[in-house]
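Protein chains in written order, with full-length UniProt numbering: chain E, 1 to 863; chain P, 1 to 339.
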């Protein structure tokens, strides 16, 4: 279901050019013939411009490969009407695999000079596969009727229910995080015990290929399993999930992103891929899990599992008891807006469960996710974070054998820094490390961007995605093995708290510190680099390790396995930070202030800041996860500098991936220099409109041919004098109705005419179908019923937001962004509809800055 | 209840009623380390001096299996708080000395356990608040004087140091304690694992002794290879036992044992060069090379297999030109803004 801008609807216009008279209604044959004629015209139009694409082959092929994402397309009976291959020259034969857009000469728009013309780079496209979420209440008659019945008790109940739900989100998110933690811990212990046994045995009798093989195959199998879950089960579970959640909170519906199946596969997948030794962390997936939990709990049902906690009539069931307390509460939360608020709280709960950082969680939600924020929402989010951290600490305190000892150091993610002292003269050192972090981060992002573009283009078949993941796991293990084999760095046993010391070529009573870095979960390696005393690692060890980890992490992020970015970034940074510390210590052996652990922490912060480009929440997360608040300032400085330096070259990795996903994300601010762009340039014109009382057959035909999600509802146009040169109006604006509403009306057969009265529907009827309503092709209407009429007046939103045709782009943008709109109707001075603005109409204006060059561009929309 | 009894006890001591068995002081003075001196200051008996120099650890500890005390109430105490703190100061000094003397090679736990337990018991007594003293004709607890009189709280800090050192070495895992109801350690003895380990370690060392006079861990290879053959059984048994111990204790074996094991292993491995490691570098590196080729083949194969067909450009409905849309057909008002 597409938004307004992208498709090419048959023009069922009811303006003065629309030739459909209000009475008598045309028969379906006449209308079908008209549609048919129009198809012919459009296809002819396409063929005229690009003879090579008269048929729809390439389109179909593309759809097959991307059917997981936009499976709705398959329901469209005559979808090629709404889609025209147009202006693309796919010159595979030339060896140039890149699609080039070649506009036909007559279609080139006389655009304003500051908008640059681009070919189609991968980041500068918008996909038409994404729907928008609608945060605006539809205040129709049914809504008002319900509002009258509610009373104050209902308001209290809803407010209380919000807190209860937020509490549950915190608890369940923490429990999921715990189970991931414990799973990884136990499975890794088994893995390392097996490999260590063979390692130790084979060092003595010379069969090193045996542990090598065991290690490689263990990793490849675990990662392969995880990748199969993702590639064949739920592709949206890949990666960290933070970009997807960010899009969701911005108001873009990403298919499947908050489904329970996604949660399941993500949780299992991340445990398996971490145990499989990939250079990834479990934190990002935990944040995603929190968001899914929030979306699921707040709705009180799972459509995937056919579970629904709304009012039932069986008094004996447990469900009845639950409903006794929560009757109609969950129902009340079945709107995009409520769901969004809970998802923001869930993401915060995920962060606090992942890092044990409740404040960091709230700030993360604020900084990265939430586009809409208020005080009450902050409190609830903070409550969710707090509950989540608390639950996690209790469960883990039991796991660590110190029940209810909530200040136990092992609960801190990166271990406690006891006494870090620093003085003013060190601050330039931290700033310089920030610069290094920014440069390395920008390089990391650029490299990962290139790899991701390559992946999108060539590694799109499922089996090849699984194979690639397994290969990366194999190579990671090979690198780890060869490095432990080649770099001998022996330390006395018992000196450091190593979980699985590997001896390799060291003497008895010693272990190889290089091996120990690889031979534990990445998170534990971060702890080692932070806390192991000076001298544990030789400079060569950390240098080689950091170098390898940087490239492996870069290669790994974007595979089709659930994978977090935080830990690999921190680990890379901790390695080079520690290296900086060691080098300074060697150069100035008497310098008392040099603490390798401290510098490793700064390096980690700078590297992470350079990659994800967060400052506020990241600083707080690191402070909370290390339990050290006095060292906050150096962390902040390093993060700030890293962000400034990195932003000079490119964007944060999450934003890069959002752009690669071609999501129409609306930034915080309208693009600069757009005040002279007017609504009539921004809008889609003409709009597909519906009359306030419309024949059922016409409505069905409209929905079938045109997959917009909202339609301006008009009244027959009045004879308004129109001057020469003005845009033809399409009828007086009376309201806006959503596609989902129309479908509910059709399914419930709320028809009038021929002496028939419409059956009664209420808000619950509409909420029941949220968020998945049937496709139009599943709606069956008899031939007789097609001739009946639909009366939209009590179902449409009677007071939609509308702007004049000369409203400037920044105003539209602020209205749209601030209110979370989905459709904004553009009217002329006679209040006649002349177009509709949706998210994609706005998102196509993009402002970019790169190495000091700034530009405004208008980016195309692709399928 | 106990406070009252100790108050009574204090008064009784104060009035020099010797025959009375006092619950609070019985534990303290029971270890017969305290000898009532002339100046009213408790002094150490010879046995505690012995304790520091005693290297026959196992023997000593077996004696202390019957570490049960008899009551000998102190006779002359001017102020019982001073007496307790003085005594605690001596214990702390002894502990520090003992710790440093046993730092390398690390035999801290076994040699300092006596003085540690004593200091712990004394500190506990002080901190329980049962030791009373008079100040301005009022009875106040010793705890109050120590904790509320200055900000440094030297006694508390010292206790933390002692406890910290003890915990850092995981010494607790070497011993088993029996405690009386109020938490005072009445007896302690090395646990079975420790005894077995020390015994096995002694065997291994004795075996080594036949081949080399002293164990200089930093020394060079002695060139005597028969040791590797002759002591192999003892060494491997010890090593295996240690590994099991480590697993059992969740890697928190007490430091004495860890260090003893490390030294024995280093002697074996570095001095005698008994550890032989085989290095099949060629095979491993070949395998690694083969694995590294796989992704290259994979990517080339995927590229050869063909690229994903890019998405089609969607035609956008735009109001291009007001003038022309007025007159032309609706289709032409649709245009692609390419950008």
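The beta-carbon is built from N, C-alpha and C at its ideal position, and this holds for glycine as well.
Coil, strand or helix - residue i by DSSP
| i | result |
| --- | --- |
| residue 208(E) | coil |
| residue 288(P) | helix |
| residue 184(P) | coil |
| residue 219(E) | helix |
| residue 331(P) | Here the model assigns residue 331(P) a pLDDT of 37, short of 50, so the residue's position is not dependable, and the following value carries that caveat. Note: residue 331(P) maps to helix in three-state DSSP. |
| residue 289(E) | helix |
| residue 808(E) | strand |
| residue 738(E) | strand |
| residue 491(E) | strand |
| residue 141(P) | strand |
| residue 836(E) | strand |
| residue 528(E) | helix |
Proximity test, Cβ basis, 9 Å: residue i and chain P
| i | result |
| --- | --- |
| residue 416(E) | no |
| residue 662(E) | yes |
| residue 862(E) | yes |
| residue 808(E) | no |
| residue 673(E) | no |
| residue 733(E) | no |
| residue 730(E) | no |
| residue 139(E) | no |
| residue 499(E) | yes |
| residue 202(E) | yes |
| residue 194(E) | no |
| residue 478(E) | yes |
| residue 21(E) | Here the model assigns residue 21(E) a pLDDT of 37, short of 50, so the residue's position is not dependable, and the following value carries that caveat. For residue 21(E), the answer is no, since every Cβ of chain P falls outside 9 Å of its Cβ. |
| residue 727(E) | yes |
Test: residue i CB closer than 9 Å to a CB of chain E
| i | result |
| --- | --- |
| residue 311(P) | yes |
| residue 261(P) | yes |
| residue 97(P) | no |
| residue 226(P) | no |
| residue 340(P) | Chain P is shown from 1 up to 339; residue 340(P) falls before or after that span and cannot be answered. |
| residue 4(P) | Per-residue confidence for residue 4(P) stands at a pLDDT of 46, beneath the threshold of 50, marking its modelled position as unreliable; the derived number appears in the next sentence. Output row for residue 4(P): interface = no. |
| residue 104(P) | no |
| residue 258(P) | yes |
Beta carbon of residue i nearer than 9 Å to that of residue j
| i | j | result |
| --- | --- | --- |
| residue 529(E) | residue 544(E) | no |
| residue 172(E) | residue 287(E) | no |
| residue 142(P) | residue 256(P) | no |
| residue 710(E) | residue 850(E) | no |
| residue 729(E) | residue 828(E) | yes |
| residue 874(E) | residue 295(E) | What the structure shows of chain E is the stretch from 1 to 863, and residue 874(E) is not part of that stretch, so it cannot be assessed. |
| residue 526(E) | residue 567(E) | yes |
| residue 284(P) | residue 208(E) | yes |
8 Å contact criterion, which residue i and residue j should meet: CB distance rounded
| i | j | result |
| --- | --- | --- |
| residue 445(E) | residue 650(E) | 5 Å |
| residue 715(E) | residue 356(E) | Between residue 356(E) and residue 715(E) the Cβ distance is about 59 Å, and since that is not below 8 Å, they are no contact. |
| residue 352(E) | residue 838(E) | At roughly 35 Å, the Cβ-Cβ gap does not stay under 8 Å, so residue 352(E) and residue 838(E) are not in contact. |
Task: Where the stretch 453-475 of chain E meets chain P: residues whose CB sits under 9 Å from a CB there - done: Those residues of the stretch 453-475 of chain E placed with their C-beta closer than 9 Å to a C-beta in chain P are 454, 456, 457, 458, 459, 460, 461, 464, 467, 468, 471, 472, 474, 475, ordered along the chain.
Task: Proximal residues, the stretch 297-308 of chain P versus chain E, C-beta separation under 9 Å - done: So the close ones are 298, 299, 301, 302, 303, 305, 306, 307, 308.
Task: Contact set between the stretch 480-492 of chain E and chain P, restricted to residues whose Cβ is under 8 Å from the partner - done: Listed by position, the residues of the stretch 480-492 of chain E near chain P (Cβ gap below 8 Å) are 481, 482, 485, 492.
Open item on the list: For the stretch 280-298 of chain P, list every residue whose C-beta sits within 8 Å of some C-beta in chain E, in sequence order.
Closed with: Per Cβ criterion, the list reads 280, 281, 283, 284, 285, 287, 288, 291, 292, 294, 295, 298.
Open item on the list: Residues of the stretch 677-702 of chain E in Cβ contact with chain P at a cutoff of 8 Å, in chain order, please.
Closed with: Taking 8 Å as the Cβ-Cβ cut-off against chain P, the residues of the stretch 677-702 of chain E that qualify are 680, 681, 683, 684, 685, 686.
Open item on the list: Which residues of the stretch 503-535 of chain E have a Cβ closer than 9 Å to any Cβ of chain P? Give them in chain order.
Closed with: Of all residues in the stretch 503-535 of chain E, the ones placed with a Cβ closer than 9 Å to any Cβ belonging to chain P are 503, 504, 505, 506, 507, 508, 509, 510, in chain order.
Task: Residues within the stretch 206-228 of chain E neighbouring chain P, beta-carbon criterion of under 9 Å - done: Cβ proximity to chain P below 9 Å picks out 206, 207, 208, 209, 212, 213, 216 from the stretch 206-228 of chain E.
Open item on the list: Along the stretch 155-186 of chain P, where does the CB come closer than 9 Å to a CB of chain E? Name the residues.
Closed with: Cβ contacts with chain E come from no residue of the stretch 155-186 of chain P.
Open item on the list: Under 7 Å, CB to CB, which of the residues in the stretch 826-846 of chain E have a partner in chain P?
Closed with: Contacts with chain P (Cβ-Cβ distance below 7 Å) from the stretch 826-846 of chain E involve 835, listed in chain order.
Task: Near-chain E residues of the stretch 185-206 of chain P - C-beta to any C-beta below 8 Å - done: The stretch 185-206 of chain P vs chain E, Cβ under 8 Å: nothing.
TODO: May I ask you to list, following chain order, the residues of the stretch 125-136 of chain E that have a beta carbon less than 8 Å from some beta carbon of chain P?
DONE: Cβ contacts with chain P come from 125, 127, 128.
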